[in-house]
Amino acid sequence: MAQVGTLSRQLRLVDRLCSLTGPDKYKAEIYLSLLDKAKEIEKCVRAYAVLPVDEIRATGDDLTPSSHLHTMGLVYQLSILLELYRLFPELLRSSDDQISYSPSPSETKHFLDMLTTNILTLLLSIPPSSRTKAIQVLPLIIAGSALQGQTQPSSSTSLLPSCIRDPIQGIMSLSSNSIITSYWRRVVMDKITSLQDYVGLDSVDYARRIVERVWMRADSMSSRSAGACSMVSWLDVMREDKLQTFFG
């Protein structure tokens, strides 16, 4: 996770250089170097096998059995991948001797949405009494801040014909429907609130403010643009709004 944070900071530096002086060959080479590092991290994370429950040493805590640690291992694995793919969507491209495939922006968005809801579903599977609460904050920031996209409710009359004409596109559009996005946002806020009541640290309140401000910026961008918008980075919000804690 720390390596991904370092990549994010380096990527933002490249973006700022490009915005100030325009793209050039040197900056492109830096970006490709960062992309290569991202590929190495992705390969390691995807190859890592979270220990099965029966191979994890018993915690001796009835409120936090080994299964909770197994679930948190999966949560962190998916959270690292979500952050990598958000920063470098090129990683989702497939290229080998037989197949060369590059997903469309809507397909990439659908994949990120699915990763996000998988992370949140895993977190919801852990009882509120679990003592893993303190290590749930960072995945909640990563997954919660990824809940960006459509802000205006989609009417069933406009959505249904799309589903009929193109089932795949119709199903993918459902994942960014504002009603579904709003539901998962409420889930994230409820989880963060319960963590704040339990942990009682400023960092948890900072997490809430970071996620809320990401949503505010993303919704504002979406309302002003008819097309697809780039995702708002929670790391950018954290730095710009001076909400750094142990996250950055």
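Residue 126 in this note's numbering sits at position 131 of the sequence shown; the count goes up by one each step and never skips. Every residue gets a Cβ at the ideal spot worked out from N, C-alpha and C, and that includes glycine.
Distance check for I36 and Q(-2), CA to CA, integer angstroms please.
For this step, residue -2 is matched to residue 3 along the sequence shown. For this step, residue 36 is matched to residue 41 along the sequence shown. Q(-2) and I36: Cα-Cα distance of roughly 8 angstroms.
From which residue to which residue does the alpha helix (DSSP H) around R212 run?
Within the sequence shown, numbered from 1, the residue matching residue 212 stands at position 217. Its alpha helix (DSSP H) spans residues D197 to R219.
Could you give the distance in angstroms between the alpha-carbon of S228 and the alpha-carbon of D192?
Counting from 1 along the sequence shown, the entry for residue 228 is found at position 233. Counting from 1 along the sequence shown, the entry for residue 192 is found at position 197. If you take the alpha carbons of S228 and D192, they lie about 26 angstroms apart.
To the nearest angstrom, how far is the alpha carbon of G195 from that of L8?
Looking up residue 195 in the sequence shown gives position 200. Looking up residue 8 in the sequence shown gives position 13. Approximately 34 angstroms, taken between the alpha carbons.
Could you tell me whether the Cβ atoms of L77 and I25 are closer together than 8 angstroms?
Here residue 77 is taken as the residue at index 82 of the sequence shown, counted from 1. Here residue 25 is taken as the residue at index 30 of the sequence shown, counted from 1. In this structure, I25 does not lie closer than 8 angstroms to L77 by Cβ.
When the Cα atoms are used, what is the spatial distance from T146 to R52?
If you number the sequence shown from 1, residue 146 lands on position 151. If you number the sequence shown from 1, residue 52 lands on position 57. Bear in mind that a pLDDT of 44 at T146, under 50, signals an unreliable position, so the model cannot answer this.
Can you find the residues in the same chain that come closer than 6 angstroms, C-beta to C-beta, to P98, ignoring five residues on each side of it along the sequence?
Sequence index remark: in the sequence shown, residue 98 carries index 103 (1-based). Cβ within range, chain order: L87.
Once you ignore the five residues that flank F83 on each side, which residues in its own chain have a CB closer than 7 angstroms to its CB?
Locating residue 83 in the sequence shown gives position 88, counting from the first residue. So the list reads L30 and A33, once near-sequence residues are dropped.
On the three-state DSSP scale, how would you describe M258?
No answer is possible for residue 258: the residues shown for the chain start at -4 and end at 243.
Report yes if the C-beta distance between V40 and I75 is below 8 angstroms; otherwise report no.
Along the sequence shown, read from residue 1 onward, the residue named residue 40 stands at position 45. Along the sequence shown, read from residue 1 onward, the residue named residue 75 stands at position 80. Yes, these two residues count as a Cβ contact at 8 angstroms.
What's the gap between the Cα of S124 and the Cα of D200?
Residue mapping note: residue 124 aligns to position 129 of the sequence shown, counting from 1. Residue mapping note: residue 200 aligns to position 205 of the sequence shown, counting from 1. S124 and D200: Cα-Cα distance of roughly 20 angstroms.
Do you know whose CA, among S225, E235, L238 and R234, lies nearest K104's CA?
If you number the sequence shown from 1, residue 104 lands on position 109. Closest by alpha carbon: S225.
Using a threshold of 8 angstroms, state whether the C-beta atoms of V182 and V206 are closer than that.
Taking the sequence shown and counting its residues from 1, the one referred to as residue 182 is at position 187. Taking the sequence shown and counting its residues from 1, the one referred to as residue 206 is at position 211. Cβ atoms of V182 and V206: not closer than 8 angstroms.
Counting C-beta neighbours from all protein chains within 10 Å, is the total for V232 16 or more, i.e. buried, or is it exposed?
Here residue 232 refers to the residue found at position 237 of the sequence shown. With 16 or more Cβ atoms within 10 Å of its Cβ, V232 is classed as buried.
Which term fits A42, buried or exposed, when burial requires 16 or more other beta carbons within 10 angstroms of its beta carbon?
Start at 1 with the first residue of the sequence shown, and residue 42 comes out as number 47. The residue in question, A42, is exposed, as its Cβ has fewer than 16 Cβ neighbours within 10 Å.
Run through DSSP, which three-state label would L82 get?
Locating residue 82 in the sequence shown gives position 87, counting from the first residue. Looking at L82 - three-state DSSP - the assignment turns out to be helix.
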